[in-house]
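If you're matching them up, the sequences are chains A and B in order.
Per the working numbering, residue 13 is the first one in the first sequence, and the count goes up by one each step.
Per the working numbering, residue 13 is the first one in the second sequence, and the count goes up by one each step.
Just so it is clear, CB atoms sit at the ideal spot from N, CA and C, and this is done for glycine as well.
A short worksheet on the structure shown next.
Number of protein chains: 2
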Amino acid sequence: MTDKQAPGILDSFSSDFKRIEEVLEQHFASHIPFVNEISRHILFANGKRIRPLLTVCSARLCGVDADYAYDLSAVPEYLHAASLLHDDVVDAGEMRRGVPPAYKVWGNSAAVLVGDYLYAKAIGLASQFGNVKIAEEIANTVGLMAEGEIIQLLHAKRPSFDEKTYSDIIYRKTAALISTSCRIGALLAQAPQEQEEAVSTYGLNLGNAFQLIDDVLDYTADESELGKAIGTDLAEGKLTLPIVIAVKEADEKDSKRLLSIMGAGHPSDEDMKWVKNLLTSTGAIEYSRNKARDLVQAACDSLDVFEPSETRELLKALALFVLERRK
Amino acid sequence: MTDKQAPGILDSFSSDFKRIEEVLEQHFASHIPFVNEISRHILFANGKRIRPLLTVCSARLCGVDADYAYDLSAVPEYLHAASLLHDDVVDAGEMRRGVPPAYKVWGNSAAVLVGDYLYAKAIGLASQFGNVKIAEEIANTVGLMAEGEIIQLLHAKRPSFDEKTYSDIIYRKTAALISTSCRIGALLAQAPQEQEEAVSTYGLNLGNAFQLIDDVLDYTADESELGKAIGTDLAEGKLTLPIVIAVKEADEKDSKRLLSIMGAGHPSDEDMKWVKNLLTSTGAIEYSRNKARDLVQAACDSLDVFEPSETRELLKALALFVLERRK
Numbered sequence: 013m014t015d016k017q018a019p020g021i022l023d024s025f026s027s028d029f030k031r032i033e034e035v036l037e038q039h040f041a042s043h044i045p046f047v048n049e050i051s052r053h054i055l056f057a058n059g060k061r062i063r064p065l066l067t068v069c070s071a072r073l074c075g076v077d078a079d080y081a082y083d084l085s086a087v088p089e090y091l092h093a094a095s096l097l098h099d100d101v102v103d104a105g106e107m108r109r110g111v112p113p114a115y116k117v118w119g120n121s122a123a124v125l126v127g128d129y130l131y132a133k134a135i136g137l138a139s140q141f142g143n144v145k146i147a148e149e150i151a152n153t154v155g156l157m158a159e160g161e162i163i164q165l166l167h168a169k170r171p172s173f174d175e176k177t178y179s180d181i182i183y184r185k186t187a188a189l190i191s192t193s194c195r196i197g198a199l200l201a202q203a204p205q206e207q208e209e210a211v212s213t214y215g216l217n218l219g220n221a222f223q224l225i226d227d228v229l230d231y232t233a234d235e236s237e238l239g240k241a242i243g244t245d246l247a248e249g250k251l252t253l254p255i256v257i258a259v260k261e262a263d264e265k266d267s268k269r270l271l272s273i274m275g276a277g278h279p280s281d282e283d284m285k286w287v288k289n290l291l292t293s294t295g296a297i298e299y300s301r302n303k304a305r306d307l308v309q310a311a312c313d314s315l316d317v318f319e320p321s322e323t324r325e326l327l328k329a330l331a332l333f334v335l336e337r338r339k
Numbered sequence: 013m014t015d016k017q018a019p020g021i022l023d024s025f026s027s028d029f030k031r032i033e034e035v036l037e038q039h040f041a042s043h044i045p046f047v048n049e050i051s052r053h054i055l056f057a058n059g060k061r062i063r064p065l066l067t068v069c070s071a072r073l074c075g076v077d078a079d080y081a082y083d084l085s086a087v088p089e090y091l092h093a094a095s096l097l098h099d100d101v102v103d104a105g106e107m108r109r110g111v112p113p114a115y116k117v118w119g120n121s122a123a124v125l126v127g128d129y130l131y132a133k134a135i136g137l138a139s140q141f142g143n144v145k146i147a148e149e150i151a152n153t154v155g156l157m158a159e160g161e162i163i164q165l166l167h168a169k170r171p172s173f174d175e176k177t178y179s180d181i182i183y184r185k186t187a188a189l190i191s192t193s194c195r196i197g198a199l200l201a202q203a204p205q206e207q208e209e210a211v212s213t214y215g216l217n218l219g220n221a222f223q224l225i226d227d228v229l230d231y232t233a234d235e236s237e238l239g240k241a242i243g244t245d246l247a248e249g250k251l252t253l254p255i256v257i258a259v260k261e262a263d264e265k266d267s268k269r270l271l272s273i274m275g276a277g278h279p280s281d282e283d284m285k286w287v288k289n290l291l292t293s294t295g296a297i298e299y300s301r302n303k304a305r306d307l308v309q310a311a312c313d314s315l316d317v318f319e320p321s322e323t324r325e326l327l328k329a330l331a332l333f334v335l336e337r338r339k
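Written out as structure tokens, the structure is:
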């Protein structure tokens with residue numbers, strides 16, 4: 013929960029994080045020990061808890077600082093965990109948060125079914141707040157997330173890909189849930205439409221920035237800090253923004269070589285080094301970071317419909333923190 | 013939709029089935045053609061539409077005969093389709109309703125993700141009726157279904173299994189959703205508690221009977237009628253009630269041989285014939301059919317809280333029809 017780069021901002025939420033861990037522990041349990049074992053593996057393995065924090069803070073910003081906001085905050089985290097279980101099956105990922113993913117430990121079937129179980133827990137919990145809009149919002153988000161992963165699957169290893177498709181994928185796969193994490197906080201608070209839209213826009217921009225930085229870190233981070241292997245996106249043929257821009261900006265020869273490395277999978281260390289250099293020399297990394305910066309600015313601006321408050325400033329600081337993260 | 017054994021009863025619902033097909037067509041669409049292709053493969057491949065029919069008839073029995081009952085009826089059918097997509101991945105089934113299952117045609121990843129998409133569509137649709145109880149009921153059912161498949165997975169090919177575990181699995185995997193199909197009809201109609209419970213009990217008993225007959229048919233049906241290979245449960249090591257009873261009733265030698273055939277998988281034709289004979293000679297088939305008959309009787313009895321009506325009698329006839337089905 014702490015980070016070397018900005019101990020201040022996440023420490024400000026330490027009492028929130030404590031309650032969030034408690035509610036996460038409280039609502040997921042099945043009476044089948046095997047289900048709990050797998051649920052724990054994905055739920056309690058160094059998750060950043062950004063989504064529940066956003067639900068709690070959005071509710072607070074909209075005037076509700078009650079304990080049941082924490083209960084609601086478990087919903088997006090369970091959804092996130094469920095989607096990770098399924099995405100790891102789909103992407104055949106090697107590591108997740110520094111440990112082998114569930115499908116590698118317990119098999120595809122268990123990962124699929126416990127994912128379904130956690131989706132169901134999330135939606136069941138979301139239905140308990142007497143507000144159908146919350147359940148509807150959650151269901152729509154699950155649909156978007158599945159579609160996002162499908163679009164990514166359909167585009168994997170295909171050299172036809174543009175920034176618009178990339179944006180569409182990260183919106184569905186990441187930003188939609190982060191935006192929803194904020195929106196359900198506002199819905200819980202029965203906030204006016206303007207406030208509901210403001211926190212949703214904040215979450216949308218934050219989520220897009222978060223994923224952009226994630227995709228940049230896959231090529232620039234330190235392996236031991238990231239908790240997963242560097243260059244996994246390249247190995248999986250995942251076309252992220254840095255690659256899209258490099259393909260566009262490089263000369264024809266380099267562009268072809270890059271696409272051929274992407275398509276082949278299992279890049280050599282030499283290939284990896286060459287790709288990293290190309291992403292820097294074409295300005296692809298800088299372009300992506302700048303784009304993330306603009307998104308974070310837009311996220312902060314959207315909160316200006318609220319009066320100044322400690323929560324508002326903390327949410328702005330949290331957005332800025334996304335740009336600084338190294339893992 | 014028609015059946016040689018009892019053309020009368022299903023024909024009575026032909027106008028309902030027509031509207032059900034229309035709403036099923038109406039609500040599932042994604043703007044991603046690939047998602048629609050897979051959704052269609054599972055949704056429009058000879059499904060019996062029992063679940064939507066039960067939603068519509070339960071609403072009608074509780075006094076609501078409005079067009080929006082059909083819209084709601086798509087919810088359990090989408091859930092059912094989603095669970096079939098995931099279950100086929102888990103069970104590695106060879107055939108589904110006479111065609112190869114989606115995971116065999118498009119791969120595991122696509123089947124998992126389109127399953128998620130259909131779950132989301134079902135829950136999104138369920139949220140649109142302004143009644144949180146419906147969404148809550150649906151979410152609980154999805155959790156039960158995932159748990160049921162997990163319990164089955166944990167018990168597959170293990171010789172320790174009893175009638176209680178079998179009942180628990182078929183309740184979760186089949187009867188819970190059929191019961192929920194009825195209950196949401198009552199919830200839509202804002203029926204009194206007594207009526208809600210009556211249709212739910214009807215669905216529960218009907219669902220249990222339905223699955224029992226399904227498990228019997230796997231050993232007794234004609235392959236071309238069933239739309240899938242006979243003996244697939246045996247090949248998959250699936251311990252259904254006929255097997256549980258035969259293990260209990262057979263002498264030690266036969267019981268051991270049966271468990272060893274179950275555990276080995278890929279039974280020979282000779283093994284298959286021997287198992288079929290054992291299931292008959294031990295009375296396991298008869299026991300299972302009798303149990304299904306008792307459940308159908310209980311289903312019919314539960315509807316007696318309603319005044320006599322055409323719908324009530326049709327639902328009773330539908331329950332009796334389950335005993336007659338050959339596929």
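Query                                                                                                                         : Result
Contacting residues, own chain, Cβ-Cβ under 6 Å from A:Ala203 (five flanking each side not counted)                           : Cys74
Inter-residue Cα distance where the pair is A:Gly249 and A:Ile273                                                             : 8 Å
Cβ-Cβ distance between B:Thr341 and B:Thr244 below 8 Å                                                                        : One cannot answer for residue 341 of chain B here, as it falls past the ends of chain B, which runs 13 to 339.
Three-way DSSP call (helix, strand, coil) for A:Arg301 in this model                                                          : helix
Residues that DSSP places opposite A:Val144 in a beta bridge                                                                  : Answer is none; A:Val144 lacks a bridge partner.
Runs of beta strand (DSSP E) lying entirely within the region 208 to 270 of chain A, each at least 3 residues, in chain order : none
Residues near A:Ser267 in its chain [Cβ-Cβ closer than 7 Å; skip 5 each side]                                                 : Val259
Any C-beta of chain A under 8 Å from that of B:Tyr231                                                                         : no
Per-residue DSSP class, three states only, for A:Thr323                                                                       : helix
Spatial distance of B:Thr252 from B:Glu175 (CA atoms)                                                                         : 9 Å
Assumed close pair B:Ala134, B:Ile150 - CB separation to whole angstroms, cut-off 8 Å                                         : 7 Å
Span separating the alpha-carbon of B:Ser121 from that of A:Phe222                                                            : 25 Å
For A:Ile31, three-class secondary structure by DSSP                                                                          : It is worth fixing the name first, because residue 31 of chain A is Arg in this sequence and not Ile. It is helical.
Same chain only: Cβ atoms within 6 Å of B:Gly105, ignoring 5 sequence neighbours per side                                     : Pro113
Within 7 Å of chain B by C-beta, residues of the region 35 to 51 of chain A in sequence order                                 : Ser42, Ile44, Phe46 and Val47
Below-8 Å beta-carbon distance, B:Leu165 vs any chain A residue                                                               : yes
Minimum Cβ-Cβ distance from A:Asp245 to chain B less than 8 Å                                                                 : no
N-terminal and C-terminal residue of the alpha helix (DSSP H) that B:Asn58 is part of                                         : That residue, B:Asn58, is in no alpha helix (DSSP H); it is neither H nor E in DSSP.
Chain A residues whose Cβ lies nearer than 8 Å to that of B:His98                                                             : Val124, Leu125 and Asp128
CB of A:Lys116 within 8 Å of CB of A:Met157, strictly                                                                         : no
Under 8 Å by beta carbon: chain A residues contacting B:Tyr183                                                                : Those within 8 Å of B:Tyr183 in chain A number zero; the least Cβ separation is about 14 Å.
Under the three-state DSSP convention, the category A:Met13 falls into                                                        : Any reading at A:Met13 must be qualified, since the residue scores a pLDDT of 39, below 50, and its modelled position is unreliable; the value itself is stated next. Three-state result, A:Met13: coil.
Nonlocal neighbours in the same chain, by C-beta distance under 8 Å from A:Leu315, ignoring five residues either side         : Leu73, Ala210, Val211, Tyr214, Arg324, Leu327 and Lys328
Candidates B:Gly110, B:Leu271, B:Val68 and B:Asn48: closest to B:Ala94 by CA position                                         : B:Asn48
CA-to-CA distance, A:Tyr90 to A:Ala331, given in whole angstroms                                                              : 22 Å
A:Asn217 classed as buried or exposed, judged by whether at least 16 other C-beta atoms fall within 10 angstroms              : buried
Beta bridge counterpart(s) of B:Arg108 as assigned by DSSP                                                                    : B:Val111
Contact with chain B by A:Glu159, beta-carbon distance below 8 Å                                                              : yes
Start-to-end residues for the alpha helix (DSSP H) that takes in A:Thr177                                                     : Glu175 to Ile182
Simplified DSSP state of B:Val68, which is helix, strand or coil                                                              : helix
B:Lys60 versus A:Leu22: straight-line alpha-carbon distance, rounded                                                          : 54 Å
DSSP-derived helix/strand/coil call for A:Arg337                                                                              : coil
Below-8 Å beta-carbon distance, A:Tyr131 vs any chain B residue                                                               : yes
Separation of A:Ala78 from B:Arg108, as counted between CA atoms                                                              : 49 Å
Helix, strand or coil at B:Val119 according to DSSP, with G and I counted as helix                                            : Strictly speaking, residue 119 of chain B in this sequence is Gly, with Val absent from that position. B:Gly119: coil per DSSP, three-state reduction.
Beta-carbon gap between B:Val126 and A:Val124 smaller than 8 Å                                                                : no
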